[in-house]
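**Q** Structure provided below as C-alpha cells; questions to follow.
Residue numbers (this note's numbering): 1 to 851.
Here it is, written out as C-alpha cells:
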C-alpha cells in the first residue's frame with residue numbers, strides 16, 4: 001500500500017475527502033500501524049469532481065435531497081425554509097465566495113438550492129459612463145430648448161442664449177438629480193452588502209429632429225431627451241442576499257427622483273412670471289392630479305402659466321415622469337424588482353400574476369386613451385407589454401440568493417405604503433404633454449341670455465354682469481362697444497379705461513375679467529323689449545332687454561302689414577300664461593272714426609291672451625306716417641316708433657338722367673350702390689363706373705356695384721336698373737344703409753320743396769289744415785309741388801274719403817320739363833296726399849275724413 005500525502009490545497013482543488021476517524025468510506029488497502037502510532041486519515045482513492053466537492057460542502061449546512069438539473073449544481077432541500085435555513089445560506093455563501101461561487105435558495109415546493117458562479121466583469125469603465133452622461137447632457141439640453149423656445153422671454157431667463165438657459169435650467173438639474181438618486185441607491189445597496197453600479201441615462205438622439213426644426217413642435221411625443229434611467233450593471237443581475245435588500249434599493253432611486261422632480265416642478269412654477277411670454281405654439285407638461293389639486297387649493301393659476309413656465313418645470317417633469325414609469329410592476333423595472341421583493345419569486349412569476357398585470361396595463365391604456373390617439377403612452381405601453389410577456393415568467397431574475405426569507409411584516413407594509421404614495425403624488429395625466437393649439441384663440445364673453453329691466457322707485461334700471469374670457473395664452477386687450485338703442489343712459493364698471501359707451505378691458509392669458517353695465521331708461525313711459533349688444537374684436541354678445549312686466553311689446557315700433565281689406569299696423573306682445581291686458585292709445589291725434597283696433601272697432605281693447613293686435617284706418621297714410629306714438633297696457637305707457645316702410649324706386653326703360661344738379665335727397669351722401677345685396681358689411685371697395693364711348697352710362701344689370709360718382713358741370717350720367725330686384729345703398733359717414741325695391745315706372749324728379757328722386761310714397765298728413773307729417777303748407781295754406789319729367793307722363797288724381805275735399809290745381813299730363821301742382825288741404829278733419837305710379841301713370845292720391 002502507498003500512503004497518500006494530503007494538503008489543504010488538495011482538499012480545496014480536489015479532491016479527496018479525508019475524515020479524522022469519524023467514519024468515511026472504508027478502504028481495503030488501509031495501512032495499519034502499530035497501536036501506539038498516530039491515527040491516520042482515511043483517503044478516497046478517486047478525486048472528486050467540482051460538483052461533488054460543492055455538494056459535500058453544502059451537506060455541512062443543509063439536508064440535501066434529489067439533484068435537480070444537470071447544468072449547474074442544484075438540489076432539493078429536505079427541510080422547510082425557516083430562520084435556520086436563511087442563516088445557513090448566509091454562512092454557505094461566506095464559504096463559497098472565496099471559491100468564486102454563490103448559493104441561491106429558490107422558493108417553491110420543494111425548495112431548491114442552486115449553486116452559481118459569482119458574476120464577473122459586469123461593471124463598465126469610467127470613460128464609457130462619462131461618455132454616455134455627456135451625450136445625455138446634450139440631448140437633455142436639446143429637449144429643454146425645444147420645450148421652452150416658444151415661450152422663452154425675449155431677453156432670456158438667465159442668459160440671452162436659449163441653449164444656455166436649457167443647459168443651466170433643464171439639463172443640469174436633471175443630471176444633478178439623477179446623480180443624487182444614483183448615490184443614494186449605491187449607498188442603500190452598500191448598506192445591504194451589495195455592490196451596484198451608477199445610474200446611466202440613455203440619450204434620445206431623436207430630439208435633434210425637433211431641435212433643428214425638421215419636425216414641428218406640435219408633433220413632439222417623447223420630449224425628455226433621454227429614454228430610460230437604467231443602472232449599469234443591471235440590478236437584476238447583481239446577487240441580493242434577501243428580498244428586503246432588493247426592495248429598499250429598488251425604491252430608493254425612484255423616490256429621490258420623484259420627490260426631487262416635484263420640488264423642481266414647484267420651484268419652476270414659483271419662478272414663472274405672471275405675464276405671458278408665448279410667441280408661438282407652445283408645449284407644456286400637464287402637472288397631474290396632485291400638483292393640479294395644489295394649484296386649485298392655492299388658487300395660483302399655475303396650470304395656465306405652465307405654458308410659459310420656467311425651464312425648471314421641464315426638468316422636474318422629466319425626472320418625475322421617468323421615475324413614475326419605472327415604479328410600474330414591469331420586469332427589469334425598479335417596480336418589478338419591488339414586486340418580487342414583497343411577494344416573492346414563486347408568487348410573482350406565476351401565470352395568474354402575469355395575466356393580472358397584463359389586464360391592469362390594458363385597463364390603464366384604455367383609461368389613458370392609448371388606443372384612440374397617439375401620445376407618450378403610445379410609446380410606453382408597447383415596452384411594458386413586451387417586457388411583461390417575454391420576461392414575466394423568467395425566474396432567473398432578479399438574482400435573490402434567499403428567496404425563501406420573507407420581508408418582515410413591518411417592512412413589507414412600509415414598502416407598499418411608500419410605493420403607493422410615490423405613485424399617487426406623481427400620477428401623470430392622460431396627456432402628460434400638451435400642445436396648445438389654441439394658444440392664440442380669440443376672446444369670448446359670458447353674459448346672461450336675457451336682461452330684465454326693473455322699476456326701481458320710478459326709474460327703469462338694468463344691471464348686467466359680464467365676464468370677458470381669454471382662452472388663449474396671450475395677454476389681450478379688447479375695446480367693448482355698447483349698442484343699446486336710444487333713451488338709455490349707461491355706465492361701465494370694472495373697465496381699465498371707460499369712455500362713454502366704450503369699455504377697455506385687459507385680460508391676461510387663460511384668465512377672465514368681470515365687468516358690469518348699468519343702464520337706466522331715460523325715455524318716455526316704460527321701455528319696450530329691445531336688443532342689447534356688446535361687441536369688440538372677436539367678442540360678440542347679444543341679449544334681449546325686456547321690462548319686468550307680465551305684458552309688454554316685443555319691439556319698440558309698429559309693424560306695417562296688410563290683409564285683404566288693406567294696410568294694418570300691428571304691435572306684437574309677449575305675456576305670461578293666463579295674463580289679461582287692457583290696451584288703449586292715450587293722446588292719439590286721430591279719432592276712432594279714423595283709426596281703430598280691428599278686434600273692437602274702437603281705440604280701446606281688452607284681451608285675455610295678448611299676442612299680435614292691429615289697427616286699421618280709412619286712410620292708409622295715417623298708419624304709415626302718423627301711427628299712435630303711445631300704447632298703454634294696464635296703465636303702463638310705452639312709446640312706439642312708426643313702422644318701417646319699404647322704400648321704392650321707379651326706373652323707366654331709359655333710366656335716370658343725372659346731371660350736375662345732383663342725385664337728390666338720400667343719395668347726396670355718396671357711397672356705393674349694390675344690386676341684390678342686403679348688408680354693407682364685408683363689402684370690398686368699388687370703383688366709379690367708367691365713361692364709355694357712347695356716353696357715361698351705368699347699367700346696374702351689367703355692373704351690379706360701384707361707387708356713386710360726382711357729376712360735374714356740363715356732364716350727364718345715365719343710371720339704368722332692372723325692372724325688379726333690390727338696390728342697396730351704402731352711404732359714407734354715419735348715415736344708415738338703405739334698401740330699395742326696384743320697379744318699372746315713370747322717371748319723375750321732385751325739385752320743390754326738396755330735390756327727391758324717390759317720389760313714390762312722398763306726401764303729407766294734415767289735421768284741420770295743419771301738417772302732421774310731410775310737406776308743410778305755405779302762408780296761404782297751400783302745398784306747392786314741382787315735378788320734373790323727361791317726357792310727357794299722364795297724371796291721375798284719385799280722391800277718397802267722406803270729408804271736405806281738397807282744392808287741387810293739377811294738369812292731367814306732366815309735360816316735358818317742370819310742372820307745378822298746388823294743393824290746399826281741408827280746413828277741418830283729417831286729410832292726406834301721396835304720390836305713386838301705376839301702368840306708366842303718376843298717381844296723386846288725396847284723402848279727407850270728417851272730424
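Idealized CB from N, CA, C, for every residue including glycine.
Hey, quick one: how far does the alpha helix (DSSP H) through residue 413 stretch, first residue to last?
**A** The sequence position of residue 413 within the chain shown is 413, counting from 1. Residue 413 -> alpha helix (DSSP H) spans 409–425.
**Q** Give me the Cα-Cα distance between residue 855 and residue 265, rounded to the nearest whole angstrom.
**A** Outside the modelled stretch of the chain, which goes from 1 to 851, sits residue 855, for which no answer is possible.
**Q** Does DSSP put residue 103 in a helix, in a strand, or in coil?
**A** By one-based count along the chain shown, residue 103 stands at place 103. Of the three classes helix, strand and coil, the one that applies to residue 103 here is strand, per DSSP.
**Q** Classify residue 874 as helix, strand or coil using the three-state DSSP reduction.
**A** A question about residue 874 goes unanswered here, because the residues of the chain that appear run from 1 up to 851.
**Q** Would you report the Cα separation of residue 593 and residue 833, rounded to the nearest angstrom?
**A** Numbered from 1 along the chain shown, position 593 holds the residue referred to as residue 593. Numbered from 1 along the chain shown, position 833 holds the residue referred to as residue 833. Answer to the nearest angstrom: the Cα atoms are 19 angstroms apart.
**Q** Return the CA-CA distance between residue 245 and residue 317, expressed in angstroms with no decimal places.
**A** Indexing the chain shown from 1 puts residue 245 at position 245. Indexing the chain shown from 1 puts residue 317 at position 317. Each residue's alpha carbon lies about 29 angstroms from the other.
**Q** Count the other C-beta atoms from every protein chain shown that fall within 10 angstroms of the C-beta of residue 97, then say buried if there are 16 or more, exposed otherwise.
**A** Locating residue 97 in the chain shown gives position 97, counting from the first residue. Label assigned to residue 97: exposed.
**Q** Should residue 550 and residue 572 be called a contact, given that it needs their Cβ atoms to be closer than 8 angstroms?
**A** Counted from its first residue, the chain shown places residue 550 at position 550. Counted from its first residue, the chain shown places residue 572 at position 572. Cβ atoms of residue 550 and residue 572: not closer than 8 angstroms.
**Q** Given 8 angstroms as the limit, is there contact between the stretch 429–448 and the stretch 374–388, that is, 3 or more CB pairs closer than that?
**A** Judged by Cβ distances under 8 angstroms, the stretch 429–448 makes contact with the stretch 374–388, as three or more pairs qualify.
**Q** Check residue 59 in the structure and name its three-state DSSP category.
**A** Reading the chain shown from its first residue, position 59 is the one you call residue 59. Residue 59 falls in the helix class under three-state DSSP.
**Q** Using three-state DSSP, classify residue 614 as helix, strand or coil.
**A** One-based indexing of the chain shown puts residue 614 at position 614. Strand at residue 614.
**Q** List in chain order: all unbroken beta strand (DSSP E) runs of 3+ residues lying wholly within the stretch 567–650.
**A** Listed in chain order, the complete beta strand (DSSP E) runs (minimum 3 residues) inside the stretch 567–650 are 581–584, 595–597, 604–607, 612–617, 630–633 and 636–639.
**Q** For residue 841, I'd like the list of residues in its chain whose CB is within less than 6 angstroms of its CB, leaving aside the five on either flank, ordered along the chain.
**A** Here residue 841 refers to the residue found at position 841 when the chain shown is read from its first residue. The answer, listed in chain order, is 794 and 796.
**Q** So, under 8 angstroms CB-CB, residue 164 and residue 144 are touching, yes? Tell me the CB distance rounded to an integer number of Å.
**A** By one-based count along the chain shown, residue 164 stands at place 164. By one-based count along the chain shown, residue 144 stands at place 144. So it is not a contact: roughly 10 angstroms between Cβ atoms.
**Q** Out of 322, 620 and 442, which has the shortest C-alpha to C-alpha gap to residue 201?
**A** Translated into positions along the chain shown, residue 201 becomes position 201. Per the Cα distances, 322.
**Q** Could you say which of 748, 612, 589 and 759 lies nearest to residue 768 if we only look at CA atoms?
**A** For the purposes of this step, residue 768 is taken as residue 768 along the chain shown, with counting starting at 1. Looking at the Cα atoms, 589 is the closest of the given residues.
**Q** Please name the residue in 207, 135, 625 and 214 whose C-alpha comes closest to that of residue 772.
**A** Indexing the chain shown from 1 puts residue 772 at position 772. It is 625 whose Cα lies nearest to the Cα of residue 772.
**Q** Can you tell me whether residue 118 is helix, strand or coil according to DSSP?
**A** Within the chain shown, numbered from 1, the residue matching residue 118 stands at position 118. Residue state, collapsed to three classes: coil.
**Q** Between residue 707 and residue 726, how many whole angstroms is the CB-CB distance? I'm expecting something under 8 angstroms.
**A** In the chain shown, the residue the question calls residue 707 occupies position 707. In the chain shown, the residue the question calls residue 726 occupies position 726. Contact flag wrong, Cβ pair sits at about 19 angstroms.
**Q** Quick one: any contact between the stretch 781–789 and the stretch 799–806, if contact means 3 or more CB pairs under 8 angstroms?
**A** Cβ pair count under 8 angstroms is below three, so no.
**Q** Who are the Cβ neighbours of residue 452 in its own chain at under 6 angstroms, not counting the five residues just before and after it?
**A** Looking up residue 452 in the chain shown gives position 452. Answer for residue 452: 548, listed in chain order.
**Q** Give the single residue among 510, 529 and 484 whose Cα lies nearest to the Cα of residue 517.
**A** On the chain shown, position 517 is the one that residue 517 refers to. Measuring from the Cα of residue 517, the nearest candidate turns out to be 484.
**Q** In terms of residue numbering, what span does the alpha helix (DSSP H) encompassing residue 147 cover?
**A** Against the chain shown, residue 147 aligns to sequence position 147. Where residue 147 is concerned, the enclosing alpha helix (DSSP H) stretches over 126–148.
**Q** Would DSSP call residue 680 helix, strand or coil?
**A** Walking along the chain shown from the start, residue 680 turns up at place 680. Looking at residue 680 - three-state DSSP - the assignment turns out to be coil, as it is neither helix nor strand.
**Q** Contact check, residue 403 vs residue 105 under 8 angstroms by CB: the rounded distance?
**A** Residue 403 sits at position 403 when you count from the first residue of the chain shown. Residue 105 sits at position 105 when you count from the first residue of the chain shown. Yes, they are in contact, since the Cβ atoms of residue 403 and residue 105 sit about 6 angstroms apart, within 8 angstroms.
**Q** Residue 255 and residue 422 - do their beta-carbons sit closer together than 8 angstroms?
**A** As a working mapping, residue 422 is identified with position 422 in the chain shown. As a working mapping, residue 255 is identified with position 255 in the chain shown. The answer is yes: Cβ separation under 8 angstroms.
**Q** Exposed or buried, residue 30, counting other C-beta atoms within 10 Å across all chains shown (16 or more means buried)?
**A** One-based indexing of the chain shown puts residue 30 at position 30. Because residue 30 carries a pLDDT of 47, less than 50, the predicted location of this residue cannot be relied on, and the following value inherits that uncertainty. Exposed, because fewer than 16 other Cβ atoms sit within 10 Å of the Cβ of residue 30.
**Q** State the Cα-Cα distance for the pair residue 810 and residue 820, rounded to the nearest angstrom.
**A** Taking the first residue of the chain shown as 1, we reach residue 810 at position 810. Taking the first residue of the chain shown as 1, we reach residue 820 at position 820. Cα-Cα distance, rounded: 7 angstroms.
**Q** How is residue 220 classed by DSSP in three states: helix, strand or coil?
**A** By 1-based counting over the chain shown, the position of residue 220 is 220. Note: residue 220 maps to coil in three-state DSSP.
**Q** Taking the alpha-carbon of residue 852 as reference, which of 116, 297 and 445 has the nearest alpha-carbon?
**A** Nothing in the structure corresponds to residue 852, since the chain is present only between 1 and 851.
**Q** Going by C-alpha to C-alpha distance, which of 837, 541, 237 and 388 sits closest to residue 447?
**A** On the chain shown, position 447 is the one that residue 447 refers to. For residue 447, the nearest C-alpha among the options comes from 541.
**Q** Closest to residue 741 by CA distance: which of 173, 604 and 722 is it?
**A** Position 741 of the chain shown holds residue 741. Of the listed residues, the one whose Cα sits closest to residue 741 is 722.
**Q** Should residue 139 and residue 225 be called a contact, given that it needs their Cβ atoms to be closer than 8 angstroms?
**A** The residue you call residue 139 lines up with position 139 of the chain shown. The residue you call residue 225 lines up with position 225 of the chain shown. It is a contact, given that the beta carbons lie within the stated cut-off.
**Q** If you follow the beta strand (DSSP E) that residue 561 is part of, which residue opens it and which one closes it?
**A** For this step, residue 561 is matched to residue 561 along the chain shown. Here the beta strand (DSSP E) through residue 561 covers 559–563.
**Q** Tell me the DSSP secondary structure of residue 548 in three-state form.
**A** Here residue 548 corresponds to residue number 548 of the chain shown, with the count starting at 1. Here residue 548 sits in coil by DSSP.
**Q** From this set, 312, 191 and 671, which residue's C-alpha is nearest residue 158's C-alpha?
**A** Here residue 158 is taken as the residue at index 158 of the chain shown, counted from 1. Looking at the Cα atoms, 312 is the closest of the given residues.
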